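Residue numbers (my numbering), protein chains in the order written: chain A, 1 to 465; chain B, 1 to 341. The C-beta atom is built at its ideal place from N, Cα and C for all residues, glycine as well. Just so you know, these numbers come straight off a predicted model, no measurement behind them. One structure is given here, and the rest of the page talks about it.
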Amino acid sequence: MTPAPPAPGPPRPSSASPPGAAPRHREGEQGPRVAGEAAERGTERAAQKATHDEGKAQRNGELGDRRGQPAGAHMGGEWHGRIRGGCGPRQRGASSLHLCIRAQEGSIRVSLPGIVNLSTTHARLRQVLVVGEIVDAPPLPCGGAWQWVVTPSEGVRRGTRRILEMLESLLAIGGLVLLRDSVEWEGRSLLKALIKKSALCGEQVHILGCEVSEEEFREGFDSNINSRLVYHDLFRDPLNWSETGETLPGGPLEALRALCRRTHPGPVTIALDSLSWLLLHLPCTTLCQTLHTLSHQDSCRGDSSPGEQVHVLGLLHEELHGPGPLGVLSSLAQTEVTLSGALGQASAHILYRRPQQRPTHQTQWFSILPDFSLELQGGPPLEPQPYPDPRVPSMDPTTHLTFNLRLSKKEREAKDSLTLPFQFSSEKQQALLCPGLGQATSHIFYEPDAYDDLDQEDPDDDLDV
Amino acid sequence: MLSRNLKNVSIYHSVFIMFVFCSARGRASSPVWVADTARASSSVGHAAGARQAVLSGGPGPGRESSQGCSFPLLGMFPELNNLLNTTPDQAEQGKLTLLCDAKTDGSFLVHHFLSFYLKANCKVCFVALIQSFSHYNIVGQKLGVSLTTARECGQLVFLEGLKSAVDVFFRPQEEPHPLQFLREANSGNLQPLYEFVQEALKPMDSGEAAWRCPVLLVDDLSVLLSLGVGAVAVLDFIHYCRATVCREWKGNVVALVHDSGDAEDEENDILLNGLGHQSHLILRAEGLATGFCKDVHGQLRILWRRPSEPTAQRDRSLTYQYKIQDKNVSFFAKGMSPAVL
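Here's what the structure looks like:
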């Protein structure tokens, strides 16, 4: 076997993660989440190297190119690791996988260039990635480079990373995110927290405001976030009652369609505050069609990369609508958050509908801070424990009684040995099954006299026949 | 010498009593406040203070004793003010307050807010669709405000729905009337009513502001649904009122909506929930679940939405039970009615 220095020692499937396998988060790395970049480099490398060949030991020589560098070296934020699957180096079916791993804040992107045999790869990769779980598995194209997004599992995350998790996971899928709130648990603060998160990620945010005024909506955001927000005001005069000519002609529908036609390139977030207002003023079908075009805008562009998604955040007051419109909007949404709570603590029940996967549920307890950042809580605050009343000391209630509650030893023995009349023990069973010698079965001796008319069909002689 | 001092003292008292009579302008008087005048006038010398000190006397079994503040306590329900943490001179601005009642009559809340805002020196536009002017006037007099006086000096703009509804049919159609929707066959919008409110509460351009802030009071919105207006139209009306009165002019809007409860009224539910989402404070008067009681007339749930200071550990929801008396409403915690303790 070629003594390839980067070989990870005796190959064990479970620990076949790349050397130094703890996912190295580049803390300061704020690179844009453009997945295309790593994919391109992967394909480049795949073209340079020999094509994937299962079971060939020649694989071991591949890393001769990089012999000068230690294993797991970060090369511009990536490292190439070689993973040997299977039980032995030369076993048939053993395949080694070439991984390009790019560590970013909070996630690892794994790209596998030029893989031909997909199912094996999938299985091998699952063995490798035991520290995380594969969250996003897009359909694998035949050949070429593709990407998996791996988030470290719950046990790995600690502390502040959990705070980002909920907002990021809500924004990860793209499409329509539906926030359903009620009078008691309002959802506008969560909407503003999501807007703040999107703005901090560098996206431009368009807000169609129908229910609150612009000053009230911008309250609480600092100036650099406010500069990224574009507020389309439908609050002051939506129905053109004041006839000053300030409103958009065509009303709310035209305003919504104008958002569809925006030509600004780059990722964008559209917040609709609120969808309930739009549902009450527009026909449901029109609204749903417009929402569909809004959230699937990137499908019409030819070469859209998954990084440039359109996020549509819609706030819906669920008590105002019947089950029909609610169901339609719910089926349009890729992520649905229902807000409720208990004991003063808000909770969000999140339903993720990722493409080609089963819907997943999650419940999070959270609170929103005044600067619209999210803080996750453990659960509702427990009821205050009723403390024992300090005034009354616990005393034995069986003292000073006028009757006897205690048993002497003989009485206790007699009590224990007593068999209860209706208790079915084995002795009783035997007694019933085998009638004893001394027991006499009971007989009835009856001698009818002259006046008795024994009728078998009417022994009591009371039928009126 | 002693007699001379006594004579001076009696003149001193009589002058102040007359002074107070003139400034009280015919308010209902009781012997109790005469003594208060003598005490209070020594500390507060001018007419306004004397008048206010006068009104702090008066009967009221559940009422707290005079807190020594310089504002009249009679005239609204002081215990409700305490529960809501407001006083007339510190009334919040730019808020929508929703009053709703279920299985009971919540109109005492309307009377409270009417007298509260009149006392707070605000310009009030009252759209009264349920009762006549004299009804509100009589109840207002028990609470210490005179609606006739307020209307005459321009502080109160009163739209009496019962009277003016008839006018709609007997005037030429070209002139817009606030209740124009009664003439229309299909459910129109409430734009004429909104324009009436706008006209009434428009801030005067006469330089100094005579009144503190504009207030719109509606009693009540459920009757508009019964008159054929759609729930969305009523919501639009309140939306525009909020945009103009609350946002632009920093005033307040208070509206009463009846909750149908068990009766399945979808339009009413849409109206109630839609207003609930827009409002900052919801006061909900409910009858007791166990039925009618002589000593406890109902319970009041207070829900604050969008608290102004999110960091303050404020109770977002409170529940109190109440009993309505002749001139006052007394509030107590659940189960703590004085009648049962």
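Residue 273 of chain A sits in a strand when the DSSP states are folded into three classes. Contact annotation, residue 362 of chain A with residue 350 of chain A: C-beta distance approximately 5 Å; criterion of less than 8 Å satisfied. In the structure shown, the three-state DSSP call for residue 227 of chain A is coil. Nearest to residue 102 of chain B by C-alpha distance, out of B/253, B/334, B/286, is B/286.
Per the coordinates, the alpha-carbon of residue 270 of chain B lies some 59 Å from the alpha-carbon of residue 397 of chain A.
Contact of residue 232 of chain B with chain A is assigned, a C-beta pair being separated by under 8 Å. Residue 403 of chain A sits exposed, since fewer than 16 C-beta atoms from the chains shown fall within 10 Å of its C-beta. Taking all protein chains shown into account, residue 401 of chain A has fewer than 16 neighbouring C-beta atoms within 10 Å of its C-beta and is therefore exposed.
The beta-carbon distance between residue 303 of chain B and residue 317 of chain B, rounded to whole angstroms, is 5 Å. This is short enough to meet the 8 Å contact definition. Residue 174 of chain A is outside the set of residues whose beta carbon lies under 8 Å from a beta carbon in chain B. In this structure, B/182 is the residue among B/182, B/158, B/157, B/162 with its C-alpha nearest to the C-alpha of residue 169 of chain B. Within the same chain, and ignoring the five residues on either side of residue 184 of chain B in sequence, no residue has its Cβ closer than 6 Å to its Cβ. Neighbours of residue 274 of chain B across chain A, judged by C-beta separation under 8 Å: 276, 280, 317, 320.
For the 8 Å CB-CB criterion, residue 314 of chain A and residue 272 of chain A form a contact. At a cut-off of 8 Å between beta-carbon atoms, residue 227 of chain A makes no contact with chain B.
Here the alpha carbons of residue 339 of chain A and residue 348 of chain A stand approximately 5 Å from one another. In this structure, A/432 is the residue among A/432, A/234, A/176, A/419 with its C-alpha nearest to the C-alpha of residue 441 of chain A. Between residue 316 of chain A and residue 179 of chain A, the beta carbon gap of about 7 Å places them in contact (Cβ cut-off 8 Å).
Excluding sequence positions up to five before and after residue 352 of chain A, its CB lies within less than 6 Å of the CB of 335, 360, all in the same chain and listed in chain order. In this structure, DSSP gives residue 166 of chain A a helical state, which the three-state scheme calls helix. For residue 343 of chain A, the three-state secondary structure derived from DSSP is coil.
Following the DSSP letters along the chain, one finds residue 327 of chain A inside the alpha helix (DSSP H) bounded by residues 323–332. Residue 252 of chain A counts as buried, since no fewer than 16 other beta carbons sit within 10 angstroms of its beta carbon. Here residue 330 of chain B carries a strand assignment [DSSP, helix/strand/coil]. Residues of chain B with a Cβ closer than 7 Å to the Cβ of residue 236 of chain A are, in chain order, 243.
CA-to-CA, the gap between residue 210 of chain B and residue 154 of chain B works out to about 10 Å. Spanning the alpha carbons of residue 280 of chain A and residue 234 of chain A requires a straight line of approximately 14 Å.
With the criterion set as a beta carbon lying under 9 Å from some beta carbon of chain A, the members of the segment 170–197 of chain B are 189, 191, 194, 195, in sequence order. The Cβ-Cβ distance between residue 380 of chain A and residue 343 of chain A falls below 8 Å. Apart from sequence neighbours up to five positions away, the residues of its chain that approach residue 284 of chain A with a beta-carbon distance below 8 Å are 324, 325, 328, ordered along the chain. Residue nearest to residue 95 of chain B within the set B/276, B/171, B/236, B/160 is B/276 (criterion: CA-CA distance).
Counting only the Cα atoms, residue 230 of chain A lies some 16 Å from residue 274 of chain A. Within the same chain, 234, 238, 255, 256, 257, 271, 275 come within 8 Å of residue 221 of chain B by CB-CB distance, once the 5 residues on both sides are set aside.
Excluding residues up to 5 positions away in sequence, 231, 233 lie with their Cβ nearer than 6 Å to the Cβ of residue 214 of chain A in the same chain. Residue 250 of chain B carries a coil assignment under DSSP once its states are collapsed to helix, strand and coil. Linking residue 297 of chain B to residue 82 of chain B through their CA atoms gives a straight-line distance of about 20 Å.
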